[in-house]
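Beneath this line is the structure, given in structure tokens, with notes to follow.
In this note's numbering, the protein residues as written are 153 to 290.
In structure tokens, the structure reads:
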């Protein structure tokens, strides 16, 4: 799913997209796979209350499905034109959610600060992480 940079797209749950992507992987979980999520990490589809932002239902479903299919979720924090572009607390909650998703699925979250700079350093660190994992797998 390609994110749209508009406030009308902001209320959508990024974790529903993860669940949809996970359906493309073998359900037996025989092979180790990975997906990359680029998001602000906020699920505002059920409102902006603290419980739904910190522990979204769709994120819990995504974690369960990723574990079942043996898929690690790597995530890059990218502030949107919505909440995370001007609210540091929202950015920290989003980063925390991405970190939890990635950690609980065997992946890794990448973020630095609350404003967007470039993905170059994220891709470099992701490349190193994946190379280290493939080197230790054999």
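Beta carbons are placed, not taken as given, at the ideal position from N, Cα and C, and that holds for glycine.
Expressed to the nearest angstrom, what Euclidean distance is found between the alpha-carbon atoms of residue i and residue j?
i	j	result
residue 232	residue 193	10 Å
residue 279	residue 224	14 Å
residue 172	residue 246	20 Å
residue 117	residue 243	The displayed coordinates of the chain run from 153 to 290. Any statement about residue 117 would go beyond what the structure contains.
residue 198	residue 207	11 Å
residue 275	residue 263	11 Å
residue 184	residue 285	11 Å
residue 216	residue 270	31 Å
residue 212	residue 281	24 Å
residue 164	residue 182	31 Å
residue 195	residue 258	21 Å
residue 167	residue 210	6 Å
residue 248	residue 265	12 Å
residue 277	residue 256	19 Å
Does the beta-carbon distance from residue i to residue j come in below 8 Å?
i	j	result
residue 227	residue 186	no
residue 178	residue 221	yes
residue 189	residue 170	yes
residue 250	residue 214	no
residue 218	residue 174	yes
Continuous alpha helix (DSSP H) assignments of at least 4 residues falling wholly in the segment 210-258:
235-238, 240-257
Beta strand (DSSP E) runs contained entirely in the segment 167-202, provided each spans 3 or more residues:
185-191
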